[in-house]
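First up is the structure itself, then whatever we jot down about it.
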Ligand code: HEM
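Numbering (the working numbering), first residue to last: 6 to 228.
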């Protein structure tokens with residue numbers, strides 16, 4: 006990579022671009038993951054078969070490496086921009102203007118919702134990806150019974166409460182993230198700003214509610 010590109014990527018605007026792009030990759034991932042999870046309503050065989058098809062595709066390793074790379078970039082650039090903000094803000098303003106106060110409040114909530122989402126993600130992978138391996142057979146093919154593990158977890162109120170808390174934070178993080186990444190990428194115009202805001206809200210509500218449908222269904226309907 007040339008020196009110029011490296012210098013650009015480590016500049017404030019370069020880091021903002023990296024944050025926006027890596028955030029948008031994860032924004033798309035969570036939508037597809039949420040839609041895949043809704044197959045739980047179609048029953049155990051289809052849910053297990055979907056998971057089996059996904060994890061037995063060799064491209065999964067590439068996708069997983071991409072997700073790790075993008076979340077790593079997103080978290081490190083987010084933290085470095087936050088630290089830069091903390092260092093420069095007090096010297097910029099003798100009295101913090103109202104708009105800057107609003108921005109700092111929003112970025113403060115982003116760093117916390119982002120950190121909790123990261124903790125959630127690690128625990129989530131330990132619970133499901135690396136959790137108990139039950140076996141089942143669908144159409145003569147032996148595969149992991151991930152359905153059984155999901156039902157087992159969400160039969161417990163502690164899991165449902167933790168997922169509810171985290172998915173509300175994921176929704177808020179997505180909402181702020183979608184709006185600010187559009188702005189970073191130059192997709193902003195006074196005419197369309199309220200439409201972009203509406204899109205951000207709709208997207209994050211659909212994702213959070215779609216994810217939450219699974220623990221709520223398991224706990225309240227199947228339990
Ligand atoms: C109620 C909500 C959720 C449920 C029921 C759920 C379910 C699952 C299950 C069962 C797996 C294991 C898939 C397998 O190995 O076959 C998984 C993996 C994963 N989940 Fe979730 N998930 C939820 C929410 C989330 C959220 C909010 C995120 C991101 C913020 C997320 C990110 C991931 C990632 C990155 C993987 C690993 C994918 C891979 O390496 O192939 N999940 N999830």
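Each residue gets a CB set at the ideal place from its N, CA and C atoms; glycine is no exception.
Q) Regarding residue 220 and the ligand HEM, is the C-beta to nearest heavy atom distance less than 6 Å? A) Because some heavy atom of the ligand HEM lies under 6 Å away, the Cβ of residue 220 counts as near it: yes.
Q) Which residues bound the alpha helix (DSSP H) around residue 8? A) Residue 8 -> alpha helix (DSSP H) spans 8 to 15.
Q: Between the Cα of residue 75 and those of 218, 179, 26 and 208, spot the shortest distance and give me the residue it belongs to.
A: Looking at the Cα atoms, 26 is the closest of the given residues.
**Q.** Pair within 7 Å by beta-carbon distance, residue 52 and residue 164
**A.** Cβ distance not < 7 Å, so residue 52 and residue 164 don't count as in contact.
Q: Have a look at the DSSP bridge pairing and note the partners of residue 146.
A: DSSP output for residue 146 lists 143 as bridge partner(s).
Q | Validate contact between the stretch 170 to 180 and the stretch 130 to 150 using beta carbons, cut 8 Å, 3 pairs | A | Contact fails: fewer than three Cβ-Cβ distances are below 8 Å.
Q: Might you give, ordered along the chain, the residues of its own chain that have their beta carbon closer than 6 Å to the beta carbon of residue 227, omitting 5 neighbours on each side?
A: Excluding sequence neighbours, residue 227 sits near nothing in its chain.
Q | Any 3 or more C-beta pairs closer than 8 Å across the stretch 32 to 46 and the stretch 208 to 218 | A | These segments touch.
(Q) Tell me the DSSP secondary structure of residue 138 in three-state form. (A) Correct three-state label for residue 138: coil.
Q. Nearest-angstrom Cα distance between residue 190 and residue 29?
A. Between the alpha carbons of residue 190 and residue 29 lies a gap of roughly 11 Å.
(Q) Suppose contacts are defined by Cβ-Cβ distances below 7 Å. Is residue 78 in contact with residue 23 by that definition? (A) Yes, they are a contact pair.
(Q) Just to confirm before moving on: does the CB-CB distance between residue 205 and residue 184 stay below 7 Å? (A) Cβ atoms of residue 205 and residue 184: closer than 7 Å.
Q. Would the beta-carbon of residue 56 be found less than 6 Å away from any heavy atom of the ligand HEM?
A. True, at least one ligand heavy atom lies under 6 Å from that Cβ.
(Q) Given a cut-off of 7 Å on the beta-carbon distance, is the pair residue 121 and residue 59 in contact? (A) It is not a contact, given that the beta carbons lie outside the stated cut-off.
(Q) So, for residue 80: in the same chain, excluding its five sequence neighbours on each side, which residues have a beta-carbon less than 8 Å away from its beta-carbon? (A) Hits under 8 Å: 119 and 123.
Q. What is the DSSP secondary structure of residue 21, reduced to helix, strand or coil?
A. DSSP places residue 21 in the helix class (H, G or I) of the three-state scheme.
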